[in-house]
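Right, one structure below, let's go through it.
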Amino acid sequence: MALLNFLHSLSEVALASAALMLAGALGLLLGGVNWRGIGLGIGGVLFAGLFVGHFTSAAGLHLSPEMLEFVREFGLIIFVFTIGIQVGPGFFATLQKAGLQFNLIAASIVLLGVATTVALHFIADIPVPALVGLMSGAVTNTPGLGAATQVLKDAGVSSEVISEASLGYAVAYPFGIIGILITMIAVRTVLRIKLETEEEQFEASRAKGAVELPAINVVVHNANLEGLPLGEVPDLYDQGVVVSRLKRGDMLMHPSRKMVLHLGDVLHLVGPAEKLHAMVLILGEEVDVSLTTTKGSQLTWQRIAVTAKKALGKRISDFGLEERGVSISRCTRAGTQLPIEAGLTLQFGDILTVVGHPSDVDLVKPLFGNQAKSLELVQFAGVFFGILIGIGIGSIPIAFPGLPAPLKLGLAGGPLVTAIVLSRIGFLGPFVFFMPPVANHALRELGIVLFLAAVGLKAGGQFVDTLMNGDGFSWMFYGMFITAIPLMIVGFAARIIWKVNYLSLSGVLAGSMTDPPALAFATNMSSTSAAAIGYASVYPLVMCMRILAPQIIVLTLMV
Numbered sequence: 111m112a113l114l115n116f117l118h119s120l121s122e123v124a125l126a127s128a129a130l131m132l133a134g135a136l137g138l139l140l141g142g143v144n145w146r147g148i149g150l151g152i153g154g155v156l157f158a159g160l161f162v163g164h165f166t167s168a169a170g171l172h173l174s175p176e177m178l179e180f181v182r183e184f185g186l187i188i189f190v191f192t193i194g195i196q197v198g199p200g201f202f203a204t205l206q207k208a209g210l211q212f213n214l215i216a217a218s219i220v221l222l223g224v225a226t227t228v229a230l231h232f233i234a235d236i237p238v239p240a241l242v243g244l245m246s247g248a249v250t251n252t253p254g255l256g257a258a259t260q261v262l263k264d265a266g267v268s269s270e271v272i273s274e275a276s277l278g279y280a281v282a283y284p285f286g287i288i289g290i291l292i293t294m295i296a297v298r299t300v301l302r303i304k305l306e307t308e309e310e311q312f313e314a315s316r317a318k319g320a321v322e323l324p325a326i327n328v329v330v331h332n333a334n335l336e337g338l339p340l341g342e343v344p345d346l347y348d349q350g351v352v353v354s355r356l357k358r359g360d361m362l363m364h365p366s367r368k369m370v371l372h373l374g375d376v377l378h379l380v381g382p383a384e385k386l387h388a389m390v391l392i393l394g395e396e397v398d399v400s401l402t403t404t405k406g407s408q409l410t411w412q413r414i415a416v417t418a419k420k421a422l423g424k425r426i427s428d429f430g431l432e433e434r435g436v437s438i439s440r441c442t443r444a445g446t447q448l449p450i451e452a453g454l455t456l457q458f459g460d461i462l463t464v465v466g467h468p469s470d471v472d473l474v475k476p477l478f479g480n481q482a483k484s485l486e487l488v489q490f491a492g493v494f495f496g497i498l499i500g501i502g503i504g505s506i507p508i509a510f511p512g513l514p515a516p517l518k519l520g521l522a523g524g525p526l527v528t529a530i531v532l533s534r535i536g537f538l539g540p541f542v543f544f545m546p547p548v549a550n551h552a553l554r555e556l557g558i559v560l561f562l563a564a565v566g567l568k569a570g571g572q573f574v575d576t577l578m579n580g581d582g583f584s585w586m587f588y589g590m591f592i593t594a595i596p597l598m599i600v601g602f603a604a605r606i607i608w609k610v611n612y613l614s615l616s617g618v619l620a621g622s623m624t625d626p627p628a629l630a631f632a633t634n635m636s637s638t639s640a641a642a643i644g645y646a647s648v649y650p651l652v653m654c655m656r657i658l659a660p661q662i663i664v665l666t667l668m669v
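Quick note, the sequence shown lines up with residues 111 to 669 if you use this note's numbering.
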């Protein structure tokens, strides 16, 4: 009684703040509880918010609705913006080669899920707010819930009705986690898939096209190249292939375009696999000869970080590295190695592998900055400016044929798309769009915890009543259809028709649901990186589709 009196004495803002912190703390503890890698994860915060919201409502405590709404929207913005910064550099690369097939599979799951959701609306007459919440919960996609609540608010729907989206999300979420695991097990069991065979096939296919840029040593046997400057060898420069070392006899040298080539010279080449194969045909043959830059060598290599603002946006050719006696053999950006070409522009955080004489390498470091501590700092000016642009872009109405009203990216889609583009650009004037992985993860977790806690607190007063006396259990049943039908159909089709490796397919299925617990389950089946690669390949595109889908449904069915 004394505690209740104390709580009633608090201001609405203080009470709402306390409730948010309690929901966040309890939710993270609840989400950390798992059985064999299966648990609620970050979704535990939503259920803790529902619990706290139910009891604050029952106790007659009034939480500031304005504050909860601000926290919900602000948390969502932070969450989706950090996602965009994370996936942006590799977003377009995932749409190439094997990633294209993976993305088509994942997109099919999303589209079939939308079709199933719309069909249930007409069959079971589910209200649209609950419908989009069910769809987001059934696929465990929290940003989709944020997009749904935002577009419902823009459509003039009352907060009481909007809360149905949160309730639908909550009742569908648990099977959303379980359903994808059931699908993985069903595909494996029904089709009698052996994990050992899948691992062997994955490693064999991976060997054909390495994830990182390969390097080879080639001995010159082509008599037509005797006495020819390296710069005149066809396709050797400016085609993504770099000559980082040249061995002549026992001497290891740094090559330049003007250096004359002789038969028997051994070149160390770095570049895309298909172009290296072409260079072998031109030069001679690949050999297993050591061209190390270790003790006793006049050459060395160092990794140099691009942190100087004067280097941002400049092309590699602008630095005149050849005249300085060094060359760049690799550029790693957001974990991806890029082919080195003269026109490659540098971004903040690029890691360059520079080869040359130790003194020459030391001299070029100031050109790029190489301030490692800068990579640990969050460029907050860029974060705030990027979010500002994202809010503006999210508020622009976009007319689409067939839709009765313009579509808006909203506070979920606008910052996400903006972050993807800005992280791809790297910088804009004085603003640098770079975020250390640790800081990105921390801000992303903070944003999603605030969002889910606020959503749970606002819907908590109605949750138990909806579940026990309303449509909660029937909604839960319908959510199972939204989860299972797309996964089962596309999962079996991908394996039977397209012969997709099962381990990769498991990662794609997890990515199509943006579901980390499912990814953990998939990665535990094998020591290979197949599932992780599949997940990462489809995550950016799926996240965008999951955010846009509920908006399209609302505009189509409610307007």
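Just so you know, even glycine gets a beta-carbon here, dropped at the ideal spot from N, CA and C. This structure is a prediction, so every number in the text was calculated from the model and none was measured.
Asked, Found
"Nearest-angstrom Cα separation, counted from residue 389 out to residue 100", "Because the chain is modelled from 111 through 669, residue 100 falls outside the range shown and cannot be assessed."
"For residue 411, the residue or residues it bridges with in DSSP", "465"
"Delimiting residues of the alpha helix (DSSP H) encompassing residue 499", "490–504"
"For residue 124, the three-state DSSP class (helix, strand or coil)", "helix"
"Pairwise C-alpha distance: residue 619 and residue 656", "14 Å"
"Residue 592 vs residue 250 beta-carbon contact at 7 Å", "no"
"Assigned exposure category for residue 307 - 16 Cβ within 10 Å defines buried", "exposed"
"Cβ pair count under 8 Å reaching 3, the stretch 572–581 against the stretch 249–265", "no"
"Residue closest to residue 387, alpha-carbon to alpha-carbon, out of 420, 325, 220", "325"
"Three-state class that DSSP yields for residue 667 in the structure shown", "helix"
"Boundaries of the beta strand (DSSP E) in which residue 342 is found, first to last residue", "Here residue 342 belongs to no beta strand (DSSP E), and DSSP marks it neither H nor E."
"Inter-residue Cα distance where the pair is residue 333 and residue 400", "23 Å"
"Validate contact between the stretch 271–285 and the stretch 239–255 using beta carbons, cut 8 Å, 3 pairs", "yes"
"With 16 other Cβ atoms within 10 Å as the buried cut-off, status of residue 547", "exposed"
"Entirely enclosed beta strand (DSSP E) segments - the stretch 261–346, minimum 3 residues", "325–330"
"Exposure label - residue 404; buried when at least 16 CB within 10 Å", "Note that residue 404 has pLDDT 49, beneath the 50 cutoff, so the model's placement of it is unreliable and the number below is only indicative. Answer is exposed; the Cβ neighbour count stays below 16."
"Where residue 406 falls: helix, strand or coil (DSSP)", "Low local confidence applies: a pLDDT of 49 at residue 406 is under 50, so the model's placement there is unreliable, with the coordinate-based value given in what follows. Here residue 406 sits in coil by DSSP."
"Exposed unless 16 or more other CB atoms sit within 10 angstroms - verdict on residue 578", "exposed"
"Three-pair Cβ contact test at 8 Å for the stretch 596–608 versus the stretch 178–198", "no"
"Whole-angstrom distance between residue 213 and residue 168, CA atom to CA atom", "46 Å"
"Cα-Cα separation, residue 319 to residue 441", "No answer about residue 319 holds up, because its pLDDT of 46 lies below 50 and its placement is not dependable."
"Residue range of the unbroken beta strand (DSSP E) whose run includes residue 438", "436–443"
"Three or more C-beta pairs below 8 Å linking the stretch 412–422 and the stretch 369–377", "no"
"Coil, strand or helix - residue 367 by DSSP", "coil"
"Start and end residues, alpha helix (DSSP H) containing residue 605", "582–606"
"Runs of beta strand (DSSP E) lying entirely within the stretch 172–199, each at least 3 residues, in chain order", "none"
"Neighbourhood of residue 670 by C-beta, 7 Å cutoff - its chain only, sequence neighbours within 5 removed", "Given a span of 111 to 669 for the chain in the structure shown, any question on residue 670 remains unanswerable."
"Cβ neighbour criterion (16 or more within 10 Å) applied to residue 608", "exposed"
"Segment contact flag, the stretch 500–510 with the stretch 551–562, C-beta cutoff 8 Å, min 3 pairs", "no"
"Of the listed residues 236, 664, 254, nearest to residue 581 (C-alpha basis)", "236"
"Within 7 Å, strictly: CB atoms of residue 439 and residue 380", "yes"
"Enclosing beta strand (DSSP E) for residue 568 [first to last residue]", "Looking at the DSSP string, residue 568 is not in any beta strand (DSSP E); the run it does join, the alpha helix (DSSP H), is 547–579."
"Contact set for residue 454: own chain, Cβ-Cβ below 7 Å, skip 5 residues either direction", "425, 426, 441, 448"
"Counted within 10 angstroms of its Cβ, other Cβ atoms place residue 115 as buried (16 or more) or exposed", "exposed"
"CA-to-CA distance, residue 231 to residue 221, given in whole angstroms", "15 Å"
"From 596, 614, 565, residue whose alpha carbon lies closest to that of residue 270", "565"
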